[in-house]
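For reference, the structure discussed in these notes is given below.
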Amino acid sequence: MPTCSVHPLPYRANPAEYFAVIRHAPGSVLLDSGRPSAERGRYDLLSAWPLEHLAVLPDESGADFLQRLRIHLTQLGRAVLPASVQLPFAGGLIGYLSYDFGRHLETLPSHAKDDLHLPDARFGVYDWALVTDHQAGTSQLVFHPHCADSERQRLIALFSQPTSAPVTAFSLEAPMAPDLDSDAYRQAFERIQAYIQAGDCYQVNFAQRFRAPCQGDAWVAYQALRAACPTPFSGFQSLPDGGAVLSLSPERFVKVSEGHVETRPIKGTRPRGATPEEDAAQAAELLASAKDRAENLMIVDLLRNDLGRTCRIGSVHVPELFSLESYPNVHHLVSSVTGELADAKDALDLIAGSFPGGSITGAPKIRAMQIIDELEPTRRGLYCGSLLYLDVRGEMDSSIAIRSLLVKDGQVCCWGGGGIVADSDWQAEYQESITKVRVLLETLQDL
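Right under this line is the structure:
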């Protein structure tokens, strides 16, 4: 089996120092564990100058696009890392699936307006990456055998030089404002309640969008957001039109490692308290909430079914249920569902069978997605999609792109949402959708 080569670099806890070197390179992308403040992530992964750009075509089926990704991985060629090296990426695909990639997998209505014009999926094929392992305290360049020796030497020299990032700025030209006022939100909430009472669904994840005109470098905005809200599934992906995807997500979608599958749905939220006593009370209230536990369990059951489409019969389990995870702005209730890929199934089959994540649709999934399309006035784009990598060995990790922003065409967009069930209160849900993103909105407005 061809073997990747690895070149050590000085360990840097903040990936911004290395990413600044390639910030303006074509296809620059950073998958960021949020260290040192976010404690759950282990690896940062960054790259640029992809061999190919792959975007889903408007009328291309999801199956055909995923097969196209599979073909490009095959063309790059399988490879392994040296025996002494444990890293998550050996060359392959890095990119995003928007929430609306689900339209390429399922037949859905088209009520919501597409006013962002973001491709529903976009990936690069990368034959090198700079990977930082915060557990081992290492930063290393990883080169797939395809990568030419001259390119390896160029990259080694590039990342070995002192970096002096140019001074740039980012600012809003008006305050972030919601597309929906509270009355419009209440009307949508009441419509969802009518669907629940009619038996159409059990839960619908309803979201609202905030936006503002902006100017400047989106990378500056990302660094400020990262400092204010460090999370283990963060990421920055440059777009060809000068825009960028910025994600400060705390949530894993699906991970595949040596055929083992894990998903970690978040369902259940409380704001952080102003004092240690108030904070502890909020956390205790969340852990004891029958409503939030019921919401979480609905999604766990949905994801057990989703994973069961691709995993070996009898291998799907729930090793963790209703755990508390705390972030700078909120407490979350999190569970874990695991499985083992069935023979002849791969990570892209898993995506086809489980995308988009059930924690951000509702249950049953397809009916919830139909209701979302009816009641949310605009398409979600990146929000509730996924940032992910998939390497030539079949190793994959992916996020649910909540707490995520899109900078494009002179404006920045951000979304906040939550799961609505039969006993939800519209004012509490409306406030929760704002609480989840308040730190992001305020950080941008303070730049």
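Following UniProt numbering, the numbering of the sequence shown begins with 1 at its first residue and continues without gaps.
Just so it is clear, CB atoms sit at the ideal spot from N, CA and C, and this is done for glycine as well.
Predicted model only: the values in this text are computed from it and were never measured.
Exercise for review: Identify the continuous beta strand (DSSP E) that holds H53 and give its terminal residues.
Suggested key: Position 53 of the sequence shown, counting from 1, holds the residue named residue 53. Taken as a continuous stretch (DSSP letters only), the beta strand (DSSP E) holding H53 covers E52 to A55.
Exercise for review: Use the C-beta contact count for Q140: other C-beta atoms within 10 angstroms, 16 or more gives buried, fewer gives exposed.
Suggested key: By 1-based counting over the sequence shown, the position of residue 140 is 140. Counting Cβ neighbours within 10 Å, Q140 comes out buried, since at least 16 surround it.
Review point. Under 8 Å, do G410 and P213 count as touching if we go by C-beta distance?
Key: For the purposes of this step, residue 410 is taken as the residue at position 410 of the sequence shown. For the purposes of this step, residue 213 is taken as the residue at position 213 of the sequence shown. With respect to the 8 Å criterion, G410 and P213 are classified as neighbours on the basis of their beta carbons.
Review point. Could you give the residue range of the alpha helix (DSSP H) that holds K436?
Key: Counting from one through the sequence shown, the residue named residue 436 turns up at place 436. Where K436 is concerned, the enclosing alpha helix (DSSP H) stretches over W426 to D446.
Exercise for review: Reducing DSSP to helix, strand and coil, say where E60 ends up.
Suggested key: If you number the sequence shown from 1, residue 60 lands on position 60. Coil at E60, not helix or strand.
Check your understanding: At a cut of 8 Å, does the region 169-185 reach the region 122-138 through at least three beta carbon pairs?
Key -> Here the region 169-185 does not lie against the region 122-138, with fewer than 3 beta-carbon pairs under 8 Å apart.
Review point. Would you report the Cα separation of V330 and A38, rounded to the nearest angstrom?
Key: Here the question's residue 330 lines up with position 330 in the sequence shown. Here the question's residue 38 lines up with position 38 in the sequence shown. One C-alpha to the other measures close to 13 Å.
Check your understanding: Distance, Cα to Cα, P145 vs G235?
Key -> Here residue 145 is taken as the residue at index 145 of the sequence shown, counted from 1. Here residue 235 is taken as the residue at index 235 of the sequence shown, counted from 1. Distance between the alpha carbons of P145 and G235 is about 26 Å.
Point to revise | Beta-carbon spacing of Y11, G137 below 8 Å | key: Taking the first residue of the sequence shown as 1, we reach residue 11 at position 11. Taking the first residue of the sequence shown as 1, we reach residue 137 at position 137. Cβ atoms of Y11 and G137: closer than 8 Å.
Practice item. Kindly indicate which residue of F355, R186 and L248 has the alpha-carbon position closest to the one of V254. Key: Taking the sequence shown and counting its residues from 1, one reaches residue 254 at position 254. Comparing Cα positions, the closest option is F355.
Practice item. May I have the straight-line CA-CA distance separating Y18 from S28, to the nearest angstrom? Key: As a working mapping, residue 18 is identified with position 18 in the sequence shown. As a working mapping, residue 28 is identified with position 28 in the sequence shown. Rounded to the nearest angstrom, the two C-alpha atoms are 12 Å apart.
**Study point:** Proximal residues to E320 (C-beta, below 7 Å), its chain only, five neighbours per side dropped
**Key:** One-based indexing of the sequence shown puts residue 320 at position 320. Once the five neighbours on either side are set aside, the close Cβ partners of E320 are S335 and S336.
Check your understanding: Can you tell me whether DSSP reads G353 as helix, strand or coil?
Key -> Looking up residue 353 in the sequence shown gives position 353. When DSSP states are grouped into helix, strand and coil, G353 belongs to the helix group.
Practice item. Identify every run of the alpha helix (DSSP H) within the region 319-397, keeping only runs that are complete inside it and at least 4 residues long; order them along the chain. Key: You should have 347-354 and 365-375.
Review point. Can you name, in chain order, every residue of its own chain whose Cβ lies under 8 Å from the Cβ of I313, other than the five neighbours on each side?
Key: For the purposes of this step, residue 313 is identified with residue 313 of the sequence shown, where counting begins at 1. A342, listed in sequence order.
**Study point:** Whole-number beta carbon distance between G95 and V392, since they are thought to touch under 8 Å
**Key:** In the sequence shown, the residue the question calls residue 392 occupies position 392. In the sequence shown, the residue the question calls residue 95 occupies position 95. The pair is not a contact, with the Cβ atoms about 15 Å apart (cut-off 8 Å).
Exercise for review: Under 8 Å by Cβ, that's how I've got D114 and R379 pegged, so tell me the actual separation to the nearest angstrom.
Suggested key: Your numbering for residue 114 matches position 114 in the sequence shown. Your numbering for residue 379 matches position 379 in the sequence shown. About 5 Å separates the two Cβ atoms, so the contact holds.
Review point. Taking P82 as the reference, which of Q75, L76 and A90 has the closest Cα?
Key: Looking up residue 82 in the sequence shown gives position 82. Comparing Cα-Cα distances from P82 to each of Q75, L76 and A90, the minimum goes to A90.
Practice item. Please determine, among L387, I351, V421 and I420, the residue with the shortest C-alpha to C-alpha distance to L30. Key: Here residue 30 is taken as the residue at index 30 of the sequence shown, counted from 1. Comparing Cα-Cα distances from L30 to each of L387, I351, V421 and I420, the minimum goes to L387.
Practice item. Count the CB pairs spanning the region 183-192 and the region 220-230 that are closer than 8 Å, and state whether there are at least three. Key: In short, these stretches do not touch, since the Cβ pair count stays below three.
Review point. Which of the three DSSP states, helix, strand or coil, is assigned to V245?
Key: Position 245 of the sequence shown holds residue 245. V245: strand per DSSP, three-state reduction.
Check your understanding: What does a CB cutoff of less than 8 Å around W426 pick up in its chain, not counting 5 residues either side in sequence?
Key -> As a working note, residue 426 is residue 426 in the sequence shown. So the qualifying residues of the chain are Y185, R186, F189 and E190.
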